[in-house]
Every structure is written in structure tokens, then in C-alpha cells.
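Per the working numbering: the sequence shown = residues -13 to 403. A short worksheet on the structure shown next.
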Amino acid sequence: MSYSAAQRMLLVAAVLITWSCHSTSPMAIHSLRNMRPGNVPKTDSSLPSYGTFNQNLDEGDIMPAELQEKISKEKKNGYTIAFSNATITIRRNKRQAFYAVDYFWQNGVVPYRFDSNFSEHTKDVIKKSMKKWEKDTCISFIPDSNRKEALIFVRGSSCSSYIGHMPRWKKQPVTINYNCEHIHTISHEIGHALGFLHTHTRTDRDHYIAVKFKNIQNGLSSNFMRTSQQRNYNYGLPYDYGSVMHYGKNAFAKNSDLTIIPRISLYEDTIGSGTGPTFIDLLMMNAHYKCLDRCKYHIRCVNDGYQHPRDCNRCLCPSGYGGRYCEERAYSSGCGGNLRATSEWQVLSAQMGKYGTYNDDMSYCYWWIQAEKHEVIRVEITSLSGSCSEGCIYGGLELKANADKRITGYRITVALI
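Right, dumping it as C-alpha cells:
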């Protein structure tokens, strides 16, 4: 692969990477580790895995309106909200983030509690999933008693959620199947509960993906219907293949053929990849809840970063970038570095984590490869070892080479080498 010197690249490696490069510009190599033990079923990957879906739910994991409330209509602030099958379609198609005043969690505060059937480990995974949204937004999840309206995490036959806050409900369920006990999947469902819809149904999706309807299970094509331009609103943010709200390449497939194919083939394993909310997801959520208006003064961020809604003295940075103003390589403990590519091939071998061990969350390593502006980087991945998994659920490589530093890069797993 060749890239101009003005670009940076991010490589995500779960286990052992061997790659070589020459001639160049700043490049970020990012390592990631989250190994899968032998007793964890394959279906506890990301949402694209069959078995996580319920075929009776809208888009596989969105609760149908008829289960929400048996009320025909209610008018609020001049906006007609109908609780019916037709209306949930309106809500689903309205925009990637559903916008209606009553369906926001007030002041971004989300009370929650757990079903008594959850183990302490499951509760911990759910808390970590909430933290993925909370840490870099103005949203706060607060443990609560039975007195207030709250999200309640319950056991169910699938992984599913309602869209946004359901007014006047003391218990708004988010169902968690045993196959869903993964940070990526639970954070996807929490994204729905906060008001997010699916990325792969955006009005502009046909520029980025091709949906193969002939490969979709009978009766389930509605899960892939593109929204109209009039009803789609994405806060002006670009399409992100790595979004936590994007289904994977095999979603609802009736055979081994793909149902979602990226227009750029290098993104095939990026869609549905299991690392939780991306930089774009968090930026959209911050825009959705007006978190970006909370700072009373402004600081200058570089490399597409923006002012952090929880700490106005620093910037929130795209993956691979760090420092107060996103001017540095992101910190990674005991690994990573800044490298200089030359006209001769160089080889880097890197290893992280311990094979056979499992962590609920990811570990990361970042490398930047730098060169002069007139030079071009060439990268060749010669080997990648580790647990074979779709969507970087248990590790992989990410090559970040886009001019827009905010979007997720090309992700590569052992299965693709």
C-alpha cells in the first residue's frame, strides 16, 4: 500500500505483528489486544454475529413500537408522536440520531439499575459499556432506586433497546442475552437508548456500502432500508465504517455470502468491528445532546480534535492522537513510538498481551511513521498471529491513512492475512 506524506496511518495489532515499510510521512500504528478464551462462544462477538439478533425486532435489535405503549397519538411541542408500527418507522428513519424533545434524557442524566439475575461480572461489563459513552461526552449514568424513570438492564432472548428516552416509563428495558456480554454489543444497545439509530441505514449509505438483498434471509430486507434525504440528519458528520451503530458484513445473511459490502474493500472488516463507540460516534452524541455548548471559552485543537465537554482545558482527540491539544502521538504503556521511514525497507515486529488471556476491554499501542512531505509511505503486512476473529473483536490491526483523521481506518484481522 502506498500513501502520501501528508497522511497518518494507524495499525491495530492484537498479538504479533510483523510489517515492513519504506519511504514515507507520519504514520500511526495502533496495537490492540483482547484475546478470546476457548470457552467463550463465537457469537459473543459484535452485533453482526447471528444469534445476537431477534428477527421479530425492528432492524434486529430495536423494540417495535407496539411493545412501547398502546397509545395512538400524543402531541408535544407541535411534534406529533404516534406509538404504532408506522411511527417507529418514522422514528427509525428520521435521522441517525432520533430528535424529539421528550426522547432526550434530561440534562444528559441517565438513571439505571440492574435485573437481579445478572452476575457481578455482567454488571461490570455493562458499567464499562456505559463508561464508553460517559467518559468523552456530557452524558452521566447514575445508579438509581425504583423511584425514578430509569434504564433497567434485563435478561432476554436477544440484545435490544428502545430508541431514546421513553417518557413516563419507570422501567425502560435494555435486554442483554448471554451472547451479548461484550462491551461493543452492549454499548451499541446503549447507543440506541440514548437516541441513536443505525449507521448502515443513513441516506448517504449507498456511496459507501452495497447491500446485497439477495443474500438476506427471507422477510428481513426491511432491516436494510435506506432512509430518505428529507428524514436523515447526521449533524454534518462523515460516514464511519467503524461506528458502533454499524452492522457487520454478514448481518442477517442466509448463507456464507456477505450482506453488506463496503465500496472500498479494505473496510470489509472495519464494519461491525468490536471496539465500542468511535470518535465520530462520540462527536455525534456530543452534538446530539448539545455537549459542545458547555464550555464557556475556547481552546485551539489540532488534528481534527475538539474541546472536551468534561474538561474544557484539553481536547478530545481522534484515535492515534494525544496531548492537551492533540498535537502528540497517543500514549500507550510499554509500546509504540515515533518511527522514521527511509528509502530502504525496514521491518518492525511487535507483540502485546498474552495469548489465551481475555480482557473485557482493549489494550492499544500506537506507532507513527514519519517522512518528508514529498515522499510516499509503502506498508506491507507480512504476518499477523493471534486468535482468528471477525471484526477485530479479539484483536487486529488498524491502518489509519485517511485525510480526515476522525474516521476509523482499515482494520485487519488474522482471518484476512
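Backbone N, C-alpha and C fix where the C-beta goes; we use that ideal spot for every residue, glycine too.
Residues bridged to residue 197 [DSSP beta-bridge criterion]:
Bridge pairing for residue 197: 246 [DSSP].
Which partner residues of residue 294 appear in the DSSP bridge assignment?
DSSP output for residue 294 lists 297 as bridge partner(s).
Span separating the alpha-carbon of residue 352 from that of residue 310:
Across the structure, residue 352 and residue 310 are spaced so that their CA atoms are roughly 17 Å apart.
Would residue 142 and residue 162 qualify as a contact pair, given that the criterion is a beta-carbon distance under 8 Å?
Yes, the pair counts as a contact, with Cβ atoms nearer than the cut-off.
The alpha helix (DSSP H) with residue 415 in it runs from where to where?
The first residue shown for the chain is -13 and the last is 403, placing residue 415 beyond what the model contains.
Output the distance between the C-alpha atoms of residue 166 and residue 173, rounded to the nearest integer angstrom.
So the alpha carbons of these two residues sit roughly 10 Å apart.
Write down the C-beta distance between residue 288 and residue 264 rounded to the nearest angstrom, noting that I regard them as a contact closer than 8 Å.
Not a contact, Cβ separation roughly 19 Å.
For residue 146, is the classification buried or exposed, using 16 other Cβ atoms within 10 angstroms of its Cβ as the cut-off for buried?
Burial call: buried.
Local conformation of residue 363 per DSSP, three classes
In the displayed model, residue 363 falls within a strand according to three-state DSSP.
Taking the straight line between their C-alpha atoms, what separation do you get for residue 299 and residue 200?
Take the alpha-carbon of residue 299 and the one of residue 200: they are about 51 Å apart.
Which two residues bound the contiguous beta strand (DSSP E) that contains residue 157?
Its beta strand (DSSP E) spans residues 157 to 162.
Can residue 128 and residue 160 be called in contact, C-beta distance under 8 Å?
Not closer than 8 Å, so no.
Around the Cβ of residue 272, are there at least 16 other Cβ atoms within 10 angstroms (buried) or fewer (exposed)?
Burial of residue 272 is indicated by the presence of at least 16 other C-beta atoms within 10 angstroms of its C-beta.
Residue interval of the alpha helix (DSSP H) (run including residue 407):
The requested residue 407 does not occur in the structure, where the chain is confined to residues -13 to 403.
Where do the N-terminal and C-terminal ends of the alpha helix (DSSP H) with residue 119 fall, by residue?
That run of the alpha helix (DSSP H) goes 106 to 120.
Run the CB neighbour count on residue 359, radius 10 Å, all protein chains shown included, and call it buried at 16 or more, exposed below.
Burial state of residue 359 is exposed, judged by a 10 Å Cβ sphere holding fewer than 16 other Cβ atoms.
Once the 5 residues before and after residue 232 are set aside, which same chain residues still bring their CB inside 8 Å of it?
Closer than 8 Å at the Cβ level, and outside the excluded window around residue 232, lie 184, 185, 186, 226, 257 and 258.
Whole angstroms are fine: how far does the CA of residue 314 sit from the CA of residue 324?
In a straight line, the C-alpha of residue 324 is about 10 Å away from that of residue 314.
Tell me which residues share the same chain as residue 253 and place their Cβ nearer than 7 Å to its Cβ, disregarding the 5 neighbours each side in the sequence.
227 and 396.
Assigned secondary structure, residue 308 (DSSP; H/G/I helix, E/B strand, else coil)
Strand.
Distance between residue 262 and residue 177 (C-alpha atoms, nearest Å)
One Cα belongs to residue 177, the other to residue 262, and the distance between them is close to 10 Å.
For residue 327, count the other beta carbons within 10 Å of its own beta carbon; 16 or more makes it buried, fewer makes it exposed. Which is it?
Here residue 327 is buried: its Cβ has 16 or more other Cβ atoms, across all protein chains shown, within 10 Å.
Taking 7 Å as the limit between beta carbons, can you name the residues of its chain near residue 212, skipping five residues before and five after?
Closer than 7 Å at Cβ, skipping near neighbours: 187, 189, 191 and 192.
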